[in-house]
């Protein structure tokens, strides 16, 4: 849903004058897919509902586990200068691979410490700042930003909008999480999108509320295409790689994503219950299950604090969506600045999510920070809630 700010009478008069003098602007640039560079660089937006930002300096507090086993511990133990410094290396190879569920992975022939600064600079060049910037666990997460390409390019915006473009809003915000994983001497890169939309909540059309909207696969693919170019492909090469992986791409419109493949609505993961509790079963080997669970965590909005691939453990934070929290309200500062508000509800708790596998059958279990199964009715409800959220993302 597109929203436009209300314009004062003086601005309306100015627009009429501009229209009479600038009618030749009708044939200007076409609607672009993404444009975050033009978004306002105002105050950082607060966290919308169900997206809890851990507060304070302990937001990545360690669990009771050997540091050298986790990715962050391994990275911290490495010597040498920061990966963010120095000249960006030349890339000799990049390719797109297709995972289960139609997800795309970019694989580049660079070690992760060389790929990291390229990916980080890529997002910065596209207008984003970061709320998570952790090379030790291979996760970059952007702050919320508006895609200005989603605002209709009518004649009024082409004239007066160029002067006070901040008065226009798409009523949407996007953020992206990028995960980098090591594969031998190469690096796997996955991009996940999350979106929010502003909706009216009263009959007068005054009060609005921010609500989650479906992730858009096309936005993820568009940024993978651009990242291919960042790693050395020409635009035509990047387009060809994407087409080979996805087939012909339809024109993207607001709120649209790729059509699912035939049969993809069949759940890939099955929820199982036994005497030990609930678990998720996947018909995958460990390598693929580990990767798919990581992608599902990104899509599901979990906070991944660390991971230990040798033990198959993701250390995550999660808050039960059933907990009541005040819905964020939209407010304006002089009609210009939009602010996301969220209540100081219960902080997300820490859990271990463990992936184990035997041959082509993997299992996902939920444990508390000490490695114990969640106990009692409440514990089982939380475990099932987390597993069902994963299951939904693994379809």
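Numbering (the working numbering), first residue to last: 1055 to 1449.
We put the CB at the ideal spot given by N, CA and C, even for glycine.
In the structure shown, what three-state DSSP assignment does residue i receive?
i: residue 1176; result: helix
i: residue 1277; result: helix
i: residue 1200; result: coil
i: residue 1255; result: coil
i: residue 1361; result: strand
i: residue 1078; result: Any answer about residue 1078 is weak, because its pLDDT of 36 lies below 50 and its placement is not dependable; what the coordinates show is given next. Looking at residue 1078 - three-state DSSP - the assignment turns out to be helix.
i: residue 1168; result: helix
i: residue 1189; result: coil
i: residue 1411; result: strand
i: residue 1416; result: strand
i: residue 1322; result: coil
i: residue 1249; result: strand
i: residue 1282; result: helix
i: residue 1224; result: coil
i: residue 1159; result: strand
i: residue 1236; result: strand
i: residue 1270; result: coil
i: residue 1340; result: helix
i: residue 1330; result: coil
i: residue 1183; result: coil
i: residue 1091; result: coil
i: residue 1436; result: helix
i: residue 1294; result: helix
i: residue 1442; result: helix
i: residue 1449; result: coil
i: residue 1426; result: coil
i: residue 1260; result: coil
Just checking my contact of residue i with residue j at CB under 8 Å: how many whole Å lie between their CB atoms?
i: residue 1279; j: residue 1293; result: 7 Å
i: residue 1409; j: residue 1441; result: Wrong, their Cβ atoms sit about 12 Å apart, outside the cutoff.
i: residue 1223; j: residue 1201; result: That belief does not hold up - the Cβ atoms of residue 1223 and residue 1201 are roughly 11 Å apart, past 8 Å.
i: residue 1273; j: residue 1228; result: 7 Å
i: residue 1443; j: residue 1354; result: 5 Å
i: residue 1445; j: residue 1323; result: 5 Å
i: residue 1438; j: residue 1332; result: 5 Å
i: residue 1275; j: residue 1297; result: That belief does not hold up - the Cβ atoms of residue 1275 and residue 1297 are roughly 10 Å apart, past 8 Å.
Near residue i, what residues of its chain come up, given a Cβ to Cβ distance below 6 Å and the 5 sequence neighbours on each side ignored?
i: residue 1231; result: 1195, 1246, 1352
i: residue 1261; result: 1255
i: residue 1110; result: Confidence at residue 1110 is low in this model, with a pLDDT of 38, below 50, so the placement of that residue is unreliable and no value is reported for it.
i: residue 1326; result: 1333, 1335
i: residue 1185; result: 1195, 1197
Leaving out five residues on either side along the sequence, give the residues of the same chain with a beta carbon under 7 Å from the beta carbon of residue i.
i: residue 1233; result: 1192, 1193, 1244, 1348, 1352
i: residue 1330; result: 1427
i: residue 1283; result: 1289, 1292
i: residue 1187; result: 1194
i: residue 1166; result: 1192, 1234, 1236, 1241
Closer than 8 Å by C-beta to residue i: which residues in its own chain qualify, once you throw out the five before and the five after it? Chain order, please.
i: residue 1153; result: 1159, 1342, 1345, 1346, 1349
i: residue 1414; result: 1337, 1338, 1339
i: residue 1182; result: 1090, 1196, 1197, 1199, 1230
i: residue 1269; result: 1246, 1247, 1248, 1249, 1311, 1353
Run the CB neighbour count on residue i, radius 10 Å, all protein chains shown included, and call it buried at 16 or more, exposed below.
i: residue 1162; result: buried
i: residue 1251; result: buried
i: residue 1406; result: buried
i: residue 1249; result: buried
i: residue 1074; result: Caution applies to residue 1074, whose pLDDT of 41 falls short of 50 and renders its modelled position unreliable; the model cannot decide the point.
i: residue 1364; result: exposed
i: residue 1235; result: buried
i: residue 1241; result: buried
i: residue 1361; result: buried
i: residue 1447; result: buried
i: residue 1157; result: buried
i: residue 1295; result: buried
i: residue 1277; result: buried
Under 8 Å: do the stretch 1165-1175 and the stretch 1188-1205 share three or more Cβ pairs, one atom per stretch?
Contact holds between the stretch 1165-1175 and the stretch 1188-1205, because three or more Cβ pairs, one in each stretch, are under 8 Å apart.
So, do the stretch 1146-1162 and the stretch 1283-1300 have three or more beta carbon pairs nearer to each other than 8 Å?
With the cut-off at 8 Å, the stretch 1146-1162 and the stretch 1283-1300 touch.
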